[in-house]
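This report refers to the structure that appears directly beneath it.
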Amino acid sequence: MSTLSGKNLVKKYGKDTVLKNVSVDIETGKIYGLIGRNGAGKTTLLSLLTAQNPATEGEITLDGQPVWENEEALSHICYSREISPLTIFGPNTTKVKAYLATAKAFYKNWDQAYADELVKLFNINVKKRINKLSKGMLSAVTIIVALASKAEITILDEPVAGLDVVAREQFYKLIIDEYAATGRTFIISTHIIEEAANLFERVIMVDDGKIVLQENTEELLSRAYRVSGDSAAVDSAVSGFKSYNPENLGNHKAVTVLANEPVDSFGESVQVEPVQLQNLFYAMCVDTRKEA
Amino acid sequence: MLENLGEDKSIYLQIGEMIEDEILRDILKEEDQVPSTTELSKYYKINPATAAKGINLLVDRDILYKKRGIGMFVQSGAKDKIKKARRDNFYESYVKSIISEATLIGISKAELKQMLDKDDKQKLL
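Chains as they are written, first to last, in this note's numbering: chain A, 1 to 292; chain B, 1001 to 1125.
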């Protein structure tokens, strides 16, 4: 069992502070969901944790050992980044086969048979050049690298972007299969929260360069509610609770409540419904920024 | 098994209830093997820990039992146990909401009783 941990991470690009004093602990043997709006700092956080990008401040360790330029520590971590069809020198004309061979050389636990199986499953023509692949195919290649790396901690950044519904289902099932068989740790960032929420044992929510919460998904949702009814009744029922995203419809009002612990009752005069992760995320993030 | 999970309660509770339903309907009989955590988690795309929590809930209540190295099985007497538990909750989970809806729309106690008597298919004992 190991822990990948980031302490007091700050990342600045010029005057822009992209991560604002963020601390995170990734324990092995769990599936993590990383969610946040575009530009919230998800990819920056992941690239810092995997030492692909230096932190301006703070420390990243795997089992207490700093990961920066630490080949041994990094060999346990796979960060399968989005592949770009373009490089700074022009189109990325690397063939898929060569790309996978590079990955094979990089990850010491690489499973070639598994990679071949996945190439077939996603129907990838390995003789094709990267710049000739569709967005979905590019995503599939990053998934293949992530899974076949067999790294103890595997990070997938937006793995389902551009995948059709069939391939997405396949992806979720592959993750469950692999997790059930090996207990590898997965960190998956996604915008399609609804589909993947039940997969995440823990969720990390990032907003505006800060981690707003990191917690067991089920425990989180067990203290989240949507309370609705007559405006005055709702206001009094939720007073004293942290509430988000109030919406009014005539005399009717609804708010999302995130209590510190599960609440037995908000009283008879209001209706209470559970909240799904995607809706909680929306409620918490829509407030913090000016609506467009 | 339902095809889709609902959104009204925790997933692990739903997993437990679905297995209970299958036992009540004799789809899963006593001493039958129940689907594994991995099968359940793949079927519903849920975290294996969540599926395991649902299963363990039933193990704790002595509805399922574990055969080491093989899997989970339906305990003998499970069906009666589930029935008893659901009967104890029947008022809270069903009757209360009927009364609350009846009150809201002004159905009297007498009318409600009449409706129960109208069960002409005689399904109720």
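Positions of the beta carbon are idealized from the N, C-alpha and C atoms, including for glycine.
Since the structure is predicted, the reported quantities are computational estimates derived from the model, not experimental observations.
Cβ of residue i within 7 Å of Cβ of residue j?
i, j, result
"residue 199 of chain A", "residue 35 of chain A", "no"
"residue 209 of chain A", "residue 48 of chain A", "no"
"residue 9 of chain A", "residue 80 of chain A", "no"
"residue 277 of chain A", "residue 153 of chain A", "no"
"residue 176 of chain A", "residue 1010 of chain B", "no"
"residue 1052 of chain B", "residue 1038 of chain B", "no"
"residue 1067 of chain B", "residue 1073 of chain B", "yes"
"residue 163 of chain A", "residue 183 of chain A", "no"
"residue 256 of chain A", "residue 245 of chain A", "yes"
"residue 194 of chain A", "residue 226 of chain A", "no"
"residue 147 of chain A", "residue 117 of chain A", "no"
"residue 260 of chain A", "residue 231 of chain A", "no"
"residue 242 of chain A", "residue 220 of chain A", "no"
"residue 233 of chain A", "residue 266 of chain A", "no"
"residue 131 of chain A", "residue 85 of chain A", "yes"
"residue 1071 of chain B", "residue 1012 of chain B", "no"
"residue 1030 of chain B", "residue 1076 of chain B", "yes"
"residue 1045 of chain B", "residue 172 of chain A", "yes"
"residue 7 of chain A", "residue 59 of chain A", "yes"
"residue 151 of chain A", "residue 77 of chain A", "yes"
Span of the beta strand (DSSP E) holding residue i?
i, result
"residue 214 of chain A", "210-216"
"residue 8 of chain A", "3-13"
"residue 145 of chain A", "From DSSP, residue 145 of chain A is part of no beta strand (DSSP E) but of the alpha helix (DSSP H) over 135-148."
"residue 1065 of chain B", "1064-1067"
Chain B beta carbons: is any one of them nearer than 7 Å to that of residue i?
i, result
"residue 201 of chain A", "yes"
"residue 187 of chain A", "no"
"residue 198 of chain A", "yes"
"residue 292 of chain A", "For residue 292 of chain A, the pLDDT reaches just 41, beneath the cut-off of 50, and the residue's location in the model is therefore unreliable, although a value from the coordinates is still provided. No - not a single Cβ of chain B is within 7 Å of the one on residue 292 of chain A."
"residue 225 of chain A", "no"
"residue 253 of chain A", "no"
"residue 173 of chain A", "yes"
"residue 307 of chain A", "Residue 307 of chain A is absent from the structure shown; chain A starts at 1 and stops at 292."
Counting only beta-carbon separations shorter than 7 Å, does residue i have a partner in chain A?
i, result
"residue 1097 of chain B", "no"
"residue 1083 of chain B", "no"
"residue 1047 of chain B", "yes"
"residue 1022 of chain B", "no"
"residue 1011 of chain B", "yes"
"residue 1017 of chain B", "no"
"residue 1007 of chain B", "yes"
On the DSSP bridge assignment, give the partners of residue i in chain order.
i, result
"residue 280 of chain A", "According to DSSP, residue 280 of chain A bridges with nothing at all."
"residue 186 of chain A", "A:31, A:154"
"residue 78 of chain A", "A:154"
"residue 62 of chain A", "A:4, A:65"
"residue 274 of chain A", "A:225"
"residue 230 of chain A", "A:252"
"residue 1033 of chain B", "B:1073"
"residue 243 of chain A", "A:257"
"residue 203 of chain A", "A:33, A:215"
"residue 87 of chain A", "A:90"
"residue 57 of chain A", "A:10"
Kindly indicate the opening and closing residues of the alpha helix (DSSP H) around residue i.
i, result
"residue 116 of chain A", "112-121"
"residue 1059 of chain B", "1048-1060"
"residue 96 of chain A", "96-106"
"residue 1014 of chain B", "1011-1024"
"residue 1092 of chain B", "Note, residue 1092 of chain B: premise wrong, no alpha helix (DSSP H); not H, not E."
- Name, going along the chain, the residues of the segment 1099-1120 of chain B whose beta-carbon falls closer than 9 Å to a beta-carbon of chain A. The segment 1099-1120 of chain B vs chain A, Cβ under 9 Å: nothing.
- If you measure beta-carbon to beta-carbon, which residues of the segment 257-283 of chain A are closer than 7 Å to chain B? Per Cβ criterion, the list reads 274, 276.
- Message: Taking beta-carbon pairs under 8 Å, can you tell me which members of the segment 1026-1052 of chain B lie near chain A?
- Response: Of all residues in the segment 1026-1052 of chain B, 1037, 1038, 1041, 1042, 1044, 1045, 1046, 1047, 1048, 1049, 1050 have a Cβ within less than 8 Å of some Cβ in chain A.
- Message: Can you pull out the residues from the segment 209-222 of chain A whose beta carbon lies closer than 7 Å to at least one beta carbon of chain B?
- Response: Correct list: 218, 222.
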